[in-house]
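Chemist: According to my numbering, numbering within the sequence shown proceeds without interruption in unit steps and concludes at 305. Dumping the structure here so I can ask a few things about it.
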Amino acid sequence: MRVTLPMTYMQTTESINDKKEATARYSRQISSGERMAAPHEDPIAWGQSLDIQADIQALAAYRKGLDFAENWNNATEDALNHLHDLLIRVRQLGIAANTPNSEEEKNAYANELDQILDEAVNAANTQYRGRYVFNGATSTPPVDPDDLDSFDASAYQDIHVRNAKGTVFPVNVSGQDAFFVPGDTESIFTHIKKLSDAIRAGDSAELQVQLDAVEKGQENIRAITTRVGARLASIERQTAAIDRIDLHNNTELSETKDTDFIEAVSLLQQNTVALEAALRVTSLVKDLNLAGYL
């Protein structure tokens with residue numbers, strides 16, 4: 012088949028248009044840092060990148076929930092540790108008061124216990140983000156200073172978060188569990204109050220009863236603190252696992268979506284040279300006349 016001048020010109024023009032599109036594409040890849048601007052450029056890679064981004068967003072939501080759970084339990088652990096330290100002092104005062112003392116000394120012990128009770132109630136009503144850490148989703152303080160046994164277990168609701176496996180778990184500790192020894196209807200705060208009253212009254216038998224109750228309350232808080240520590244360790248492991256998966260996903264997304272700058276620059280240079288050559292050929296073809304062609 013004879014190649015005519017119009018055919019040569021049309022083929023050269025098509026080649027120039029293709030190279031212009033390629034030049035624009037490589038320039039955009041370099042300037043934006045992304046290999047694809049639309050699905051048609053690489054449908055398979057585009058779909059893969061969407062799937063990876065969905066995974067990254069889901070993990071970010073799980074990570075946010077775990078961060079909340081970690082901070083909540085850190086606040087809980089701090090409050091429990093503070094309560095435990097206060098109970099150590101309560102027992103020290105109770106033991107010291109359970110010996111012959113002057114009226115002045117007994118009042119001094121009792122007054123300090125009263126101060127410790129106020130501090131313990133404040134610790135029990137610790138808040139995180141406006142919520143009481145020992146009263147779950149409810150909005151009322153778990154301990155009423157005027158009614159130390161008033162924790163309403165019937166109104167209590169746990170706060171839950173979801174982990175990466177889709178499992179929902181509670182992040183909080185109930186005031187019922189923390190402040191009441193199983194089988195005891197009186198809170199640790201009531202026992203501190205009764206210990207103070209027994210010291211003032213000089214009632215050694217009642218003082219010993221309350222000392223024993225305080226010791227059991229201290230053991231209970233220690234057990235609850237251990238439980239919170241185990242939960243924090245679990246949250247830390249889950250967070251670390253999510254971070255590893257997230258790093259892998261972001262690396263894979265980068266490999267799928269991001270521009271290979273060395274390759275893009277090289278292709279841009281090659282395409283620019285080819286485009287300039289095609290433009291020169293077109294110029295020559297346009298200058299040809301029928302006599303020159305023959």
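Heads up, the beta-carbon is just placed ideally off N, CA and C, and yes, glycines get one too.
#1: Does Val-132 come out as helix, strand or coil in the three-state DSSP assignment?
#2: For Arg-173, write down the residues that DSSP places opposite it in a beta bridge.
#3: Once you ignore the five residues that flank Ala-121 on each side, which residues in its own chain have a CB closer than 6 Å to its CB?
#4: Starting from the C-beta of Val-239, find all residues in its chain whose C-beta is less than 7 Å away, skip the five residues before and the five after it, and write them out in chain order.
#5: Per DSSP, which residues does Tyr-143 bridge with? Please list them.
#6: For a test of the three-state rule: what should DSSP assign to Asp-158, helix, strand or coil?
#7: One question on the structure: do Thr-267 and Ala-56 come within less than 7 Å of each other, judged by their Cβ atoms?
#8: Decide if Pro-153 is buried, meaning its Cβ has at least 16 other Cβ atoms within 10 Å, or exposed.
#9: When the Cα atoms are used, what is the spatial distance from Thr-151 to Asn-136?
#10: Taking Cβ positions only, does His-171 come closer than 7 Å to chain D?
#11: Report yes or no: do three or more beta-carbon pairs, one from the stretch 95-102 and one from the stretch 220-239, lie closer than 8 Å?
#12: Closest to Gln-168 by CA distance: which of Ile-63, Asp-157, Val-182 is it?
#13: Name the two residues that bound the continuous alpha helix (DSSP H) containing Thr-201.
#14: To the nearest angstrom, report how far apart Glu-81 and Ile-256 are at their CA atoms.
#15: Report the option in Ile-232, Thr-250, His-51, Val-179 whose CA atom is closest to the CA atom of Phe-191.
#16: Return the first residue and the last residue of the alpha helix (DSSP H) that Thr-151 is part of.
#17: Where does Tyr-3 fall in DSSP's three states?
#18: Between which two residues does the alpha helix (DSSP H) harbouring Asp-188 extend?
#19: Just mark Gln-249 as buried or exposed, buried being the case when its beta carbon has 16 or more other beta carbons within 10 Å.
#20: Under 6 Å from any heavy atom of the ligand MG, does the C-beta of Val-101 make it?
#21: Exposed or buried, which one is Ser-215 when buried takes at least 16 other CB atoms within 10 Å?
Modeler: Reading off the structure:
#1: helix
#2: Val-179
#3: Closer than 6 Å at the Cβ level, and outside the excluded window around Ala-121, lie Ser-207, Ile-210, Arg-211.
#4: Asn-84, Thr-87, Glu-88, Leu-91, Val-184
#5: Gln-138
#6: strand
#7: Yes, they are a contact pair.
#8: buried
#9: 9 Å
#10: Among the chains of the structure shown, chain D does not appear; only one protein chain is present.
#11: Contact between the stretch 95-102 and the stretch 220-239 is established, with three or more Cβ pairs separated by less than 8 Å.
#12: Val-182
#13: 199-212
#14: 19 Å
#15: Ile-232
#16: No alpha helix (DSSP H) holds Thr-151; DSSP gives it neither H nor E.
#17: No statement about residue 3 is possible, as the shown extent of the chain runs from 12 to 305 and does not include it.
#18: 186-190
#19: buried
#20: Looking at this structure, you won't find the ligand MG or any other ligand, since it has none at all.
#21: exposed
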